[in-house]
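Residue numbers (the numbering used here): -5 to 560.
Report on one structure; see the data block that follows.
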Ligand code: ATP
Ligand code: MG
């Protein structure tokens, strides 16, 4: 594990400022002692590990304080594929172990009420229909150092605005012809307060409201008032919305909002060797750099699920990274650490040879098969033992044999003795090669007195290797995944490049393994530790007993940290 991850790991569950704020609010008797949060995804992509942080925080705080958390789809942007995204989001939140009960809401459910709130603003002289073009609006907005200018349409009368907004709603203007803007302050030092747009025209079909609307509320307006409609107490969002908070409050304060939620910002999760922007993830999918949203290399929740991550490991990760006010990049190795911690406790151990080399045990009878006991999980004796067949011909890992080994190589080489895990001591007698000089087989002998892998006379062997019986082995396709990006921060692009230039060309290697028989009867999604090789999962998409496919979830140790330091 890298230094960065080690630092992150202790203490296991630090408290954080949001928990402290909620505690204080409860102590002060705010919100009648209620805690009500929401997770508000926009259904324009699959959820990623950053969203998992937000889900764990929102649902976690509600759970901890006996409150509620809503699932609200922020569907104010009509788009085509939204239904697929809605379904995937629900599946992912549920899989993480959270329950929104009957509180599945959509901002689009509030379109009528939001429209009424807009009318209210107009009536109070706080919103106007602006006919500047989008370019002019940009020009009039000013810059960080210069104030903006009032639109010539800013002083339209209430009656005129009501009439024009109604016309917008009826579809009598074209997209971009006009917008409804809040009348706040074109000289505000906060650009978000310079008469932000509240409604725009979009003549698009909406996945829930169909063609009913051609005006759609802008994010800030819809979000703040959806929170208020749902009586949210603590509206937790990421730091980029900090500058929007005055607008959030303005929207709530200037209409007859049914409640007064408070927005609190926290740092978004950034992960090393990973991109976490839906736009970039969509590009990876569309341009087929990966198999799809749930490709095991994707940082989506569905990708992690297929990779073999467990909900527990992701929740643990989310606890450990905590919640801060300052952006940082979390080391991917921390997430991997959390997965190892979880799987170490409960993954079934078994043996699979990823790059097989045949071994014939010359003094073992050709027709004999022994059934040996193997421990299912040394961390959990209650998981018991299983039966593993042993016979004259076995496979071992190619990498466990060297014809001409360096000094500290304790595994198999000519003349050396090693322990076959749970089986016997064997000694290498002969190396058989094909006409190209490739090693194709080893000839060994075994010591019948070493059954179970125990030394018969106190003699020591330094190496223990795994194996499978050739006659009983199951053929399995094993997908060895590595990081999708080679650069620690793929968002930090050099001139003339894009994040795609940092894709790891070797992020997937497929090997054809020989696996112990039980791996032919797994269920898709079952986690295993292939002894000495890592944690693997029966692929949820492609695994069948006829053609077992496994994905490597994570290696047993953090190999990447070492490689990347070179
Ligand atoms: P992206 O920026 O990745 O495209 P988004 O912020 O547009 O994502 P939303 O669907 O709007 O995605 O996000 C839903 C919720 O998840 C929001 O409250 C948002 O703040 C939070 N969220 C999104 N990305 C992260 C992240 N990396 N870390 C923590 N929370 C996040
Ligand atoms: Mg967003």
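Every residue, glycine too, gets a C-beta built ideally from N, C-alpha and C.
Classified as buried, residue 477 has 16 or more neighbouring CB atoms from the shown chains inside 10 Å of its CB.
Bounds of any alpha helix (DSSP H) do not take in residue 528; it lies within the beta strand (DSSP E) bounded by 528 to 532. DSSP assignment within the stretch 378 to 448 yields the following whole beta strand (DSSP E) runs of 3 residues or more, N-terminal first: 379 to 384, 387 to 391, 411 to 414, 419 to 427 and 433 to 441. Membership of residue 508 in the beta strand (DSSP E) is indicated by the continuous run 502 to 509. Remark: C-beta atoms of residue 417 and residue 447 approach each other more closely than 8 Å.
About 5 Å separates the beta carbon of residue 406 from that of residue 395, a gap short enough to meet the 8 Å contact definition. In the structure shown, residue 252 adopts coil according to DSSP, grouped into three states. For residue 86, the closest alpha carbon among the candidates 474, 305 and 230 is that of 305. Apart from the 5 residues on each side of it in sequence, residue 192 sits with its Cβ closer than 7 Å to the Cβ of 112, 121, 174, 175, 176, 211, 212 and 215 in its chain, given in chain order.
Judged by the Cβ position, residue 35 qualifies as a neighbour of ligand 1 at the 7 Å threshold, a heavy atom of the ligand being closer than this.
Under the three-state reduction of DSSP output, residue 109 falls in the helix class. Exclusion of residue 319 from the 7 Å shell around ligand 1 follows from its C-beta lying no nearer than that to any non-hydrogen atom of the ligand.
According to the DSSP assignment, residue 218 belongs to no beta strand (DSSP E) but to the alpha helix (DSSP H) extending over 213 to 223.
The C-alpha of residue 258 lies about 11 Å from the C-alpha of residue 242.
With a cutoff of 7 Å, residue 262 counts as near ligand 1, since its C-beta is closer than that to a heavy atom of the ligand. Residue 316 has its Cβ no nearer than 7 Å to any heavy atom of ligand 1. Our two residues, residue 108 and residue 172, have alpha carbons roughly 18 Å apart in a direct line. In this structure the stretch 436 to 451 lies against the stretch 349 to 357, because at least three pairs of beta carbons, one per stretch, are closer than 8 Å.
In this model, residue 314 and residue 155 are separated by some 52 Å (Cα to Cα). Under the three-state reduction of DSSP output, residue 229 falls in the strand class.
Distance between residue 301 and residue 333, taken at the CA atoms: about 11 Å.
One thing to note: residue 519 has its Cβ no nearer than 8 Å to the Cβ of residue 549.
The Cβ-Cβ distance between residue 32 and residue 14 does not fall below 8 Å. Counting the other CB atoms within 10 Å of its CB gives residue 551 a total below 16, which places it among the exposed residues. Apart from sequence neighbours up to five positions away, the residues of its chain that approach residue 399 with a beta-carbon distance below 7 Å are 407, ordered along the chain.
Residue 128 is positioned such that its CB atom lies no closer than 8 Å to that of residue 165. Short of 7 Å from the beta carbon of residue 514, and not among the five residues preceding or following it, lie these beta carbons of its own chain, in chain order: 468, 539 and 542. With 16 or more other CB atoms across the displayed protein chains lying within 10 angstroms of its CB, residue 516 is buried.
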